[in-house]
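Colleague: Quick note: the sequence shown uses this note's numbering, first residue 22, plus one each step. For glycine and all other residues, C-beta sits at the position ideal for the given N, C-alpha and C. This is the structure I have questions about; it appears just below.
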Amino acid sequence: MAAKPPPTRPHVGLHSSFNARSNADWGEDDVWDSGSDSESPRQSTISNSWRLPPSPSYRRQSSPITAPKPVPRASSNSSSSNVSFSYTHLSAPSPGSYPSNTDTAQPAKGGWTMVRKSGTSQDALGSKLPKDIDPNGDADVDSDMVVGDLEPEMEQTTGTGTKVKLDQGSIKSDAIELMKDPFYRFLHSPQPPPEPRFNHRMGYSPRSSDAEKLLRESSIRTNRRIKFIDCLSKDDVNISELRKLAWAGTPNDLRAVVWPILLGYLPLPSNLRASTLARKRGEYSSLVELAFARDRQGLDQQIWHQIEIDVPRTRPGVRLWMQASTQRSLERILYVWAIRHPASGYVQGINDLVTPFFQVFLSVYIDSDPEEFDTSLLPTAVLSAVEADSFWCLSRLLDGIQDNYISAQPGIQRSVKRMAELVARIDGNPLYTHLESQNVEFMQFAFRWMNCLLMREISVKNTIRMWDTYLAEGADAFSQFHLYVCSAFLVKWSEKLRQMDFQGIIMFLQSLPTQDWGDHEIEMLLSEAFVLNSIWHNAQSHFNAK
């Protein structure tokens with residue numbers, strides 16, 4: 022079958038006919054299919070799209086831009102020999118890999134549209150601070166700024182012709198202070214965010230038992246948050262204490278400071294953090310300038326080709342990842358990482374690993390759902406900080422699992438083999454025996470679980486909660502502890518899988534019913550993995566893998 026042409030790139034608007042839930046037949050595996058490496062390159066619609074800060078020229082368009090609607094395609098099952106090499110391995114740039122070519126912008130055709138009301142365009146919105154933010158540090162304390170008021174209103178046209186205003190989110194009034202010092206908010210105002218209140222005028226009156234349960238849960242969350250703040254407020258953070266707290270989950274508003282400390286991106290002594298942040302963000306900016314110094318003509322075309330294909334397919338249907346400014350940030354992060362790691366270069370799946378970091382750091386500066394936010398509305402310095410912090414945390418994570426992405430991916434091969442041996446023992450053989458009788462090889466489904474850290478099986482929100490525990494476990498958790506998570510994840514579906522044949526098993530494992538999972542399901546999975554880890558981690562004689 023001929024390969025599909027790659028999707029056209031940026032400025033993808035949300036059409037009312039697209040609904041992630043109603044289009045359930047468009048399986049996740051359709052858009053994540055790794056067998057599409059041979060797709061032809063897309064033409065870049067933006068010259069100098071690499072620049073930091075992002076150029077305002079591609080943040081705003083004078084006319085509607087359209088992009089093609091995705092077309093479902095059936096995924097194909099392949100043997101382990103094929104699957105294990107279905108992810109492209111790319112080398113770092115070489116002097117002879119810079120073809121002299123120029124790409125002309127091609128307008129996208131048909132499909133989704135972004136409609137704006139007529140109005141005066143604001144030039145370089147991202148380079149100007151919102152009115153409520155004083156660059157000298159004074160903020161409007163009465164209310165947070167609503168970003169939608171600063172630019173022409175965005176509307177979505179429904180199938181009936183009705184125009185619905187899209188919520189563009191709001192930026193926190195102290196965003197600049199938070200950018201300079203992520204510890205600023207909770208050290209100056211340590212009380213937790215207000216809990217949602219019941220609105221009896223809306224017709225909802227909870228039962229007394231429900232109210233008591235909510236109050237009890239709120240009290241537990243408040244107490245845990247106080248413990249986090251006590252730990253983080255010390256002049257020198259006790260990393261053991263922080264790991265113990267983070268294992269059971271990190272409060273949403275503290276995650277952007279807890280994760281960098283656990284990863285070693287931020288130092289433990291408080292007096293070094295501000296200077297470290299400024300230095301590392303400046304270093305990343307220099308790396309971007311150097312990597313893209315010769316514009317597109319100076320890029321390693323093989324690496325750039327694959328990144329251009331993968332970026333628009335990152336989290337399809339999620340508004341944040343369909344924004345042009347977000348996609349440009351992701352391209353820069355991936356390209357700079359690839360050329361700094363010549364042993365692996367860029368490999369499909371690494372783009373997924375950026376998304377939890379980006380959403381966690383973005384959430385620091387906004388008062389709305391990160392997945393619905395338009396990053397082009399952020400002040401330029403803030404967006405650059407989110408991008409740089411995401412890059413360095415991604416680099417720290419990948420340092421521990423680099424052999425998953427070098428040639429032949431030996432880390433993944435080893436993990437999948439150990440997983441098969443582990444499942445054969447922990448499940449008492451029924452599931453393992455059934456999979457074997459149906460000629461199902463673990464490489465056919467577990468390769469993706471290891472390569473993308475289960476991110477294509479669960480939501481980013483679920484992944485973020487899971488990574489709280491991974492980061493608390495230590496540097497090797499994304500390889501060692503993840504093995505036990507994947508094993509517990511498979512055994513969870515044992516009863517259903519034993520009733521299926523080969524085709525049913527593969528189809529089920531490629532589209533698992535985890536859409537409604539929340540923290541409870543993730544925490545149960547982590548608890549089961551912890552038990553397995555406690556029993557089997559030191560029992561190396563039970564594994565044949567070397």
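1) Quick check: what's the CA-CA separation for PHE529 versus LYS248?
2) For ILE479, report the span of its alpha helix (DSSP H) as first-last.
3) Candidates LEU511, ASP489, LEU504: which alpha carbon is nearest SER555's?
4) If you drop the 5 nearest sequence neighbours on each side, which residues of the same chain put their C-beta closer than 6 Å to that of LEU308?
5) Give the straight-line distance between the Cα atoms of VAL375 and ARG446, rounded to the nearest whole angstrom.
6) Going by DSSP in three states, ARG427 sits in which element: helix, strand or coil?
7) Nearest to GLU408 by CA position, among GLU442, PHE551, LEU533, LEU383, is which residue?
8) Buried or exposed, going by whether 16 or more other CB atoms sit within 10 Å of the CB of ARG439?
9) Report the rounded CA-to-CA distance for PRO203 versus ASN292, giving the unit in angstroms.
10) Enumerate in chain order the residues of its own chain whose CB-to-CB distance from LEU426 is below 6 Å, with the five nearest sequence positions on each side excluded.
11) ASP257 bridges to which residues according to DSSP?
12) Going straight from the alpha carbon of ARG315 to that of THR401, what length do you get?
13) In whole angstroms, what is the alpha-carbon distance linking LYS265 and VAL444?
14) Roughly how many angstroms separate the alpha carbons of SER230 and ASP537, rounded to a whole number?
15) Among ARG302, LEU341, PRO363, which residue has its Cα nearest to the Cα of GLN323?
16) Can you tell me which of TRP413, GLY449, VAL481, GLU462 puts its alpha carbon nearest to the alpha carbon of ALA300?
17) ALA441 and PHE466 look like a contact to me (Cβ under 8 Å); what is the Cβ gap, rounded to whole Å?
18) My guess is that ALA509 and LEU475 are in contact by the Cβ rule of under 8 Å, so how many angstroms apart are they, rounded?
19) Let's see if you can read the secondary structure: which residues bound the alpha helix (DSSP H) around LEU546?
20) If the criterion is Cβ atoms closer than 8 Å, does the pair GLY421 and ALA496 meet it?
21) With distance defined between alpha-carbon atoms, name the residue in ARG340, ASN372, ALA345, ARG469 nearest to PRO391.
Modeller: Considering the structure as presented:
1) 42 Å
2) ILE479 -> no alpha helix (DSSP H), and no H or E assigned at all.
3) LEU504
4) VAL357
5) 34 Å
6) Per the sequence presented here, residue 427 reads as Ile, with Arg not at that position. Note: ILE427 maps to coil in three-state DSSP.
7) LEU383
8) buried
9) 13 Å
10) Reading off the sequence shown, one finds Tyr at residue 426, where the question assumed Leu. Here the set comprises SER365, VAL368.
11) PRO290
12) 22 Å
13) 28 Å
14) 24 Å
15) PRO363
16) Checking the sequence, you will find Arg at residue 300 rather than Ala. Nearest C-alpha to ARG300: TRP413.
17) Not confirmed; about 11 Å, so no contact.
18) About 11 Å; that fails the 8 Å criterion.
19) 540 to 557
20) yes
21) ARG340
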